[in-house]
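Working notes for the structure below.
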Amino acid sequence: MGRVIRAQRKGAGSVFKSHTHHRKGPARFRSLASVKEMGAVVCNVEHHVGDRGVFARASGDYAIVISHNPDNDTTRIKLPSGSKKIVPSGYESSGASSWWW
């Protein structure tokens, strides 16, 4: 139903509504090892296991998968700042684009 926003207009039958109750599904996080293409766009990349993503978290930010190293089980990503970081491939991230889901 939503919550009536009273700052805009006072009185009965306000037309302004804030839709605050939505059904949300489970978070769709994938490990970096499941990203097959180089150059795939990801966001919310974990720095430590279970920290829910620290890198590329701001609105519109994303990280790009540069390469995978199967020998060390690591993934190299390019952060929004331009710096490159090596993280374990088991760390999770959410996808900004849907072609690899």
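Here this note's numbering = 1-based position in the sequence shown + 79.
Each residue gets a CB set at the ideal place from its N, CA and C atoms; glycine is no exception.
This structure is a prediction, so every number in the text was calculated from the model and none was measured.
- Judged by DSSP in its simplified three-state form, residue 135 adopts coil rather than helix or strand.
- Residues of the same chain with their beta carbon placed closer than 6 Å to that of residue 113 are lacking, with the five preceding and five following residues left out of the count.
- Apart from the 5 residues on each side of it in sequence, residue 146 sits with its Cβ closer than 8 Å to the Cβ of 117, 154, 155 in its chain, given in chain order.
- Nearest neighbour of residue 170 by Cα position, chosen from 129, 104, 100, turns out to be 129.
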